[in-house]
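Numbering (this note's numbering), first residue to last: 4 to 247. Just so it is clear, CB atoms sit at the ideal spot from N, CA and C, and this is done for glycine as well.
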Amino acid sequence: EVFERAPHHPSSPTTLPSCSQRYTMRIQPLAIISTILTAGVHSTTTTYDDGSQHSLGPDDVVSNMYVTVANASTLNILSSTSLRGCCNDNDVTSLPKPTVEVDGASTLSVTGDDVSIVGSNTTVDGGGDVIGASAVELFNSSDILLQGTIRMNGGDGSEDCTTGSGGHALVLRSESTAVVEGDVLLKGGCGASSGNALYVVGEGTSAFVHSGVLNGMVLVEDGGSASVHGGLFLEPIVVKGAMS
């Protein structure tokens, strides 16, 4: 399944009533863990896809770790958890994958403090500029709730921010929903072109922003919607396309 990469900036929530109810149970079946060897670098992908509720804390994290939540499953990320995909750890013919991917009517809740999710980056086709990945992407009627102290940063295109393309902090697609109401920093990755802090695309896809700092453009297009009740926006909010 191939997903089109969102556009980049050239220069650089009414709360869901059911969210709090989803985390009253702590059911922790074993997650599926797969280790991938690509270009001599190990990465680990942990998948939660059994339709149950799970939690992820600092003791569960290993280096170069990706997370997938699927099939109506729920994952709550706990305090002091840091996730970062591995640089150049993707097929060189494809775009880098997000550090956390939520699909299939699943839910990601980040209610802990001192949580960090950072996108990876890679060089496509064995050369050229580096492309940064998204920190978190949601698909197919999935939800995310950000209530704690959280930093989400798209992957950088280069260390000095002068080349490459930065990744997005948070991407919502295909009728997914985000509620942002904590001490949250959403920052697009830097590069010759910077990533978006928030990218909302597709009819029925919605973001509700009550607080936080959004460092990077907010792009809403192709029928997506954003409801802003608070927060500090350091770059423009751009709305494009019919029904957005």
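Minimum C-alpha distance to residue i - residue among the options
i      : options                           : result
Val231 : Gly244, Leu217, Lys243 and Asp225 : Leu217
Thr114 : Pro101, Ile80 and Thr102          : Ile80
His171 : Val182, Arg154 and Glu178         : Arg154
Gly135 : Gly192, Leu148 and Val187         : Gly192
Leu149 : Gly226, Ser214, Met220 and Leu222 : Ser214
Gly219 : Asp163, Ile240 and Ser145         : Ile240
Met246 : Val183, Val223 and Ser82          : Val223
Thr102 : Val70, Ser109, Asp132 and Ser85   : Val70
Ala108 : Asp132, Ala181 and Phe236         : Ala181
Gly237 : Val221, Lys243 and Gly244         : The identity of residue 237 in the sequence shown is Leu, whereas the question assumes Gly. Looking at the Cα atoms, Val221 is the closest of the given residues.
Leu78  : Val65, Thr49, Asp186 and Cys89    : Thr49
Val72  : Val242, Gly194 and Ser58          : Ser58
Leu235 : Val187, Leu173 and Gly244         : Val187
Which of helix, strand or coil DSSP assigns to residue i
i      : result
Asp52  : coil
Val146 : Checking the sequence, you will find Asp at residue 146 rather than Val. Three-state result, Asp146: strand.
Asp186 : strand
Pro32  : Any reading at Pro32 needs caution, since the residue's pLDDT is 47, under 50, leaving its predicted position unreliable; the model's value is listed next. If DSSP states are grouped into helix, strand and coil, Pro32 belongs with coil.
Short Cβ contact (9 angstroms threshold) for residue i with residue j
i      : j      : result
Ala138 : Asn124 : no
Gly60  : Val121 : no
Thr208 : Glu178 : yes
Leu141 : Leu111 : yes
Ser76  : Asp53  : yes
Arg87  : Ser55  : no
Ser228 : Ala210 : yes
Asp116 : Ser161 : no
Asn67  : Ser46  : yes
Asp146 : Val105 : yes
Val212 : Gly226 : no
Val65  : Ser85  : no
Opposing strand residues paired with residue i [DSSP bridges]
i      : result
His57  : Leu78
Leu201 : Leu173 and Val221
Thr110 : Thr77 and Asp146
Asn67  : According to DSSP, which records beta bridges pairwise, Asn67 is partnered with nothing at all.
Ala181 : Ile147 and Ala210
Met155 : Ile120 and Leu189
Glu104 : Thr71 and Glu140
Ser196 : Ser168
Gly135 : Asn124
Near the ligand GTP: residue i beta-carbon under 8 angstroms from a heavy atom
i      : result
Met246 : Questions concerning the ligand GTP fall outside what the structure shown contains, since it holds no ligand whatsoever.
Exercise. Mind the definition here: the region 200 to 218 touches the region 159 to 170 only if three or more C-beta pairs lie below 8 angstroms; say whether that holds.
Key: Short answer: they don't touch.
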